[in-house]
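Chemist: Our numbering puts the first residue of the sequence shown at 70, with every later residue one more than the last.
Even for Gly, the Cβ is constructed at its ideal location relative to N, Cα and C.
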Amino acid sequence: MAWKRLIFLFLFLSSISYADEIKLNKIIALDEPWGSTFINNNELLITEKSGNIKLINLSTKKINKINHNLNVLEYGQGGLLDIIYKENIVWVSYTEKIDGWKTSTSIAKAKFDKENFDFKNIFQAFPPIDSIYHFGSRLALKDDYLYASVGERGEGMIAQDGSKHPGSIIRIHLDGKIPKDNPKFINKNDWLPEIYQIGVRNPQGLTLSSFDGKIYISNHGAKGGDWFGEVKKGENYGWKILGWGGTNYTGLPIGPKWKPGFTKAIKYWVPSIATSAITIYKGEEFKEWTGLALITSLKDKSLRSLDFSNKNNVIEKIIFKNKIGRIRDIQIHPSTGKIYFLSEGALWLMEKN
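So, in structure tokens, the structure goes:
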């Protein structure tokens, strides 16, 4: 129909105009980087899946590898994962070897030091599982709370079992203590005390919005069914009762996209785009994106914006696609608002042309 062609043309031209307005510059090569966090306006901490922590000087491009004491196992999709910094403290999530090939998605903290991190565990997902899949895991800070996403390790319905951590969002204090208002202490007696929400699959995006103070998440579906949504206390995103529009890799159905009683995502993608890191944009460089969610993709190697101010009419635009490879992480410069990405082999800078 003519109106459908006009809509397609409008979206296509919007993508082209974005591509003309931005430039992408490769800063340094890296080995499978996974997470990043700004220390100040000129230094960026980066994790590599193999277990390296590197401090990057953005002006000189000098790389300082920092020693640490973590028991990291690079195992399938696992390894050294996310990293986040605040007030001279660093937190990391990582795949910890527990027993034989059993591993946990664990979280540790340390004082910032340019030479050596002496990490101490503050969380360990129970039970440890022998699986190479679906570790998650992103970190977000809000006030005195640390939020973390924990993947369900390919175990499906474990995400519906609140007595186990895999397939959940956890919330702990910055020192690892358990908040007294977590769901277990309110109305979820059978949940572990660290669990804040259940029913997720492989959540690799987590961020705090400075506009509404809410935590937002992105999650991989199976064959289709990726989504972006809000973290909600005591609620359930439904995996593996719900398939979010996707199917098993065998082609067999999983369950409905959504049904009452479960948390409804803000945006679904069918087919899958393999959602990765997310952020809610605030900065000077791209003021026109203020308040928009920026979604990175592994599968189609895209950066997308979502205007979700009207939940009934979420507007999605593709900013670029197939420019820098699979995009693993995104960070906004705290002063300039320019955007830094981790692809699977490099650190990139995006700014206006």
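Taking only three categories from DSSP, how would you classify residue 146?
Modeler: Looking at residue 146 - three-state DSSP - the assignment turns out to be coil, as it is neither helix nor strand.
Chemist: Just how far apart, CA to CA, sit residue 399 and residue 240?
Modeler: The C-alpha of residue 399 lies about 22 angstroms from the C-alpha of residue 240.
Chemist: Would you check if the stretch 307–326 and the stretch 238–254 touch, i.e. whether three or more CB-CB distances between them fall below 8 angstroms?
Modeler: Verdict: no, contact absent.
Chemist: Quick check: the Cα distance between residue 153 and residue 382, rounded to an integer number of angstroms?
Modeler: When rounded, the distance between both Cα atoms is 33 angstroms.
Chemist: Is it buried or exposed for residue 117, if we count other Cβ within 10 angstroms and need 16 for buried?
Modeler: Taking every protein chain shown into account, the CB of residue 117 has 16 or more other CB atoms within 10 angstroms, so this residue is buried.
Chemist: Buried or exposed: which applies to residue 255, given that a residue is buried once 16 or more other Cβ atoms fall within 10 Å of its Cβ?
Modeler: exposed
Chemist: Can you list, in chain order, the residues of its chain whose CB lies under 8 angstroms from that of residue 265, leaving out five sequence neighbours each side?
Modeler: For residue 265, where only same-chain residues beyond five positions count, the Cβ hits under 8 angstroms are 216, 237, 238, 239, 240, 251, 252, 300, 302 and 303.
Chemist: Less than 8 angstroms separating the beta-carbons of residue 207 and residue 218?
Modeler: yes
Chemist: Looking only at its own chain, which residues have a Cβ that is under 7 angstroms from the Cβ of residue 412, when we skip the five neighbours before and after it?
Modeler: 393, 394, 395, 396 and 397
Chemist: Quick one: complete beta strand (DSSP E) runs, 3+ long, within the stretch 105–180?
Modeler: Runs found: 112–117, 122–126, 132–137, 149–155, 158–168 and 171–180.
Chemist: Need the endpoints of the beta strand (DSSP E) that residue 100 sits in, please.
Modeler: Looking at the DSSP string, residue 100 is not in any beta strand (DSSP E), and its letter there is neither H nor E.
Chemist: Starting from the Cα of residue 274, find the closest Cα among 259, 329, 422 and 298 and give me that residue.
Modeler: Taking only the C-alpha atoms, the option nearest residue 274 is 298.
Chemist: DSSP beta-bridge partners for residue 227?
Modeler: Per DSSP, none; premise fails for residue 227.
Chemist: Which runs of the beta strand (DSSP E) at least 3 residues long sit entirely within the stretch 260–329? Give them in chain order.
Modeler: 264–267, 271–277, 284–289 and 295–299
Chemist: Shortest alpha-carbon distance to residue 353 belongs to which of 387, 405, 333 and 106?
Modeler: 405
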